[in-house]
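At position 18 of the sequence shown the residue is numbered 91 (this note's numbering), and the sequence of numbers has no breaks. By construction, the Cβ of each residue, glycine as well, lies at the ideal position given by its N, Cα and C atoms. Just so it is clear, the structure is predicted and the values come from calculations on it, not from any experiment.
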Amino acid sequence: MEITFLGTSSGVPTRSRNVSSVALRLPQRAEVWLFDCGEGTQHQFLRSELKSSQIRRIFITHMHGDHIFGLLGLIASCGLAGTAQPMDIYGPATLIDYLKACAKYSHFHLSPKIKIHAVQPGLVYEDDEFTVSCERLTHRVPTHGYRIAEKDRPGRFNASEAAKLGIPSGPLYGKLKRGETITLEDGREICGADLCEPPETGRKMAYCTDTVFCDEAVELARDADIVIHEATFAHQDAQLAFDRLHSTSTMAAQVAALAGARQLILTHFSPRYAPGNALDVKNLLEEARAIFPQTLLAYDFMSYEIPRRKHELEIRSS
74 MEITFLGTSS GVPTRSRNVS SVALRLPQRA EVWLFDCGEG TQHQFLRSEL KSSQIRRIFI
134 THMHGDHIFG LLGLIASCGL AGTAQPMDIY GPATLIDYLK ACAKYSHFHL SPKIKIHAVQ
194 PGLVYEDDEF TVSCERLTHR VPTHGYRIAE KDRPGRFNAS EAAKLGIPSG PLYGKLKRGE
254 TITLEDGREI CGADLCEPPE TGRKMAYCTD TVFCDEAVEL ARDADIVIHE ATFAHQDAQL
314 AFDRLHSTST MAAQVAALAG ARQLILTHFS PRYAPGNALD VKNLLEEARA IFPQTLLAYD
374 FMSYEIPRRK HELEIRSS
């Protein structure tokens with residue numbers, strides 16, 4: 074699981090930062106999941122090592138332009154490129170009307186392979202490896218933050234030890250791998266857990282933007298390996314944050330601290346904090362680290378590999 078930031082500016086692009094978009098690359102299944110799709114996102118793909126042909130799912134937080142204006146162009150380009158892979162798009166109910174209207178007036182045909190899903194708080198998507206859930210955040214328009222959770226993996230099965238115990242290979246191995254207890258013909262009972270390494274805890278990621286501080290963001294970020302949280306304003310501009318229902322750097326840090334997260338990455342910075350101004354994004358980083366030291370600043374094309382938690386369950390139980 075690798076995250077790449079394709080846009081880290083709030084509201085409008087700057088010379089060094091495009092508007093919001095984050096790509097989650099899942100190399101084991103050759104897929105990219107995209108979170109928000111601001112104007113110019115497809116250009117950012119061309120400047121990165123990501124492949125737009127691998128986009129399988131797109132999750133939209135809300136209907137403000139800096140989060141959606143790149144969506145139709147990206148879809149159209151994927152279609153013109155002959156991308157055959159289906160695409161599922163998740164977001165507010167009005168996203169369906171928006172895309173249909175854009176397609177109608179630009180005479181663009183939305184492929185039947187593109188499925189659009191209106192989200193509600195709770196489970197959004199699930200497969201054998203992942204769940205995606207969302208919660209309502211606090212912003213000026215209906216907004217949802219997302220939580221991506223990798224399911225726990227069974228520990229590695231020790232086949233050589235099983236052979237030493239005289240266990241015949243075949244269906245019994247499958248039961249042991251699942252942690253079940255089997256009974257051999259000689260009456261011996263063998264517990265599968267004794268022949269497997271400790272389970273591998275699944276990784277968790279939270280994506281919270283746009284929002285002012287709220288309890289729902291804390292829940293999305295609970296025990297997450299990485300929290301991507303907007304930090305539109307510096308702490309001294311907190312009144313602007315409350316007025317516009319955005320977060321300060323310190324609000325984002327409080328979310329991560331209260332949630333017991335492992336890593337916080339700030340994004341969605343107001344252009345007012347550009348280098349050379351009275352305050353810049355480095356000041357926002359200092360403010361956040363005073364509360365939550367494991368904080369990083371996102372920049373366009375920054376990538377972050379989410380580390381695995383192998384053997385964590387064993388450590389916790391010892």
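Going by C-alpha to C-alpha distance, which of 74, 79, 113, 83 sits closest to residue 101? What you label residue 101 is simply residue 28 of the sequence shown in a count that begins at 1. Ranking the options by Cα distance to residue 101, first place goes to 74.
Counterpart residues of residue 255 in DSSP-defined beta bridges: Numbered from 1 along the sequence shown, position 182 holds the residue referred to as residue 255. Note: residue 255 sits in a beta bridge opposite 263.
Looking only at its chain, what residues have a beta carbon closer than 8 Å to the beta carbon of residue 266, apart from the 5 residues adjacent to it on each side? Locating residue 266 in the sequence shown gives position 193, counting from the first residue. Excluding sequence neighbours, residue 266 sits near 252.
Strand pairing of residue 209, partner residues [DSSP]: Numbered from 1 along the sequence shown, position 136 holds the residue referred to as residue 209. Answer is 217.
Do residue 119 and residue 105 have their CB atoms nearer than 8 Å? Translated into the one-based positions of the sequence shown, residue 119 becomes position 46. Translated into the one-based positions of the sequence shown, residue 105 becomes position 32. No, these two residues do not count as a Cβ contact at 8 Å.
Can you grab the Cα-Cα spacing for the pair residue 327 / residue 82, in whole Å? Taking the sequence shown and counting its residues from 1, the one referred to as residue 327 is at position 254. Taking the sequence shown and counting its residues from 1, the one referred to as residue 82 is at position 9. When rounded, the distance between both Cα atoms is 21 Å.
Any contact between the stretch 295 to 308 and the stretch 330 to 347? By contact I mean 3 or more CB pairs, one from each, below 8 Å. yes
Can you tell which of 221, 181, 350 has its C-alpha closest to the C-alpha of residue 197? The sequence position of residue 197 within the sequence shown is 124, counting from 1. Among 221, 181, 350, the Cα nearest to that of residue 197 belongs to 221.
Residue ranges of each alpha helix (DSSP H) run of no fewer than 4 residues wholly in the stretch 154 to 211, ordered along the chain? Fully enclosed alpha helix (DSSP H) runs of 4 or longer: 167 to 178.
For the alpha helix (DSSP H) holding residue 361, just list the boundary residues, first then last. The count along the sequence shown starts at 1 and reaches residue 361 at position 288. Where residue 361 is concerned, the enclosing alpha helix (DSSP H) stretches over 354 to 362.
Would you kindly work out how many angstroms separate the C-alpha atoms of residue 191 and residue 164, rounded to a whole number? Mapped onto the sequence shown, residue 191 falls at position 118. Mapped onto the sequence shown, residue 164 falls at position 91. Each residue's Cα considered, the two are about 5 Å apart.
Terminal residues of the alpha helix (DSSP H) in which residue 323 lies: As a first step, residue 323 is located in the sequence shown; it is residue number 250 there, counting from the start. Counting along the chain, the alpha helix (DSSP H) containing residue 323 begins and ends at 322 to 332.
Pull the bridge partners of residue 280 from the DSSP assignment, please. In the sequence shown, the residue the question calls residue 280 occupies position 207. DSSP, once it has assigned bridges, lists 219, 301 as partnering residue 280.
For residue 96, which beta-bridge partners are listed by DSSP? Here residue 96 refers to the residue found at position 23 of the sequence shown. Beta-bridge pairing links residue 96 to 77, 107.
Is residue 378 helix, strand or coil when you go by DSSP? Position 305 of the sequence shown, counted from the first residue, corresponds to residue 378. DSSP places residue 378 in strand when its eight states are reduced to three.
If residue 115 sits next to residue 152, beta carbons under 8 Å apart, how far is it from one beta carbon to the other, in whole angstroms? Numbered from its first residue, the sequence shown carries residue 115 at position 42. Numbered from its first residue, the sequence shown carries residue 152 at position 79. Contact doesn't hold; Cβ gap of about 12 Å is too wide.
Residues of its chain near residue 277, where Cβ-Cβ distance is below 6 Å and the 5 sequence neighbours each way are ignored: By one-based count along the sequence shown, residue 277 stands at place 204. Here residue 277 has 222, 297, 298 as same chain residues with Cβ atoms under 6 Å from its own Cβ, once five neighbours each way along the sequence are excluded.
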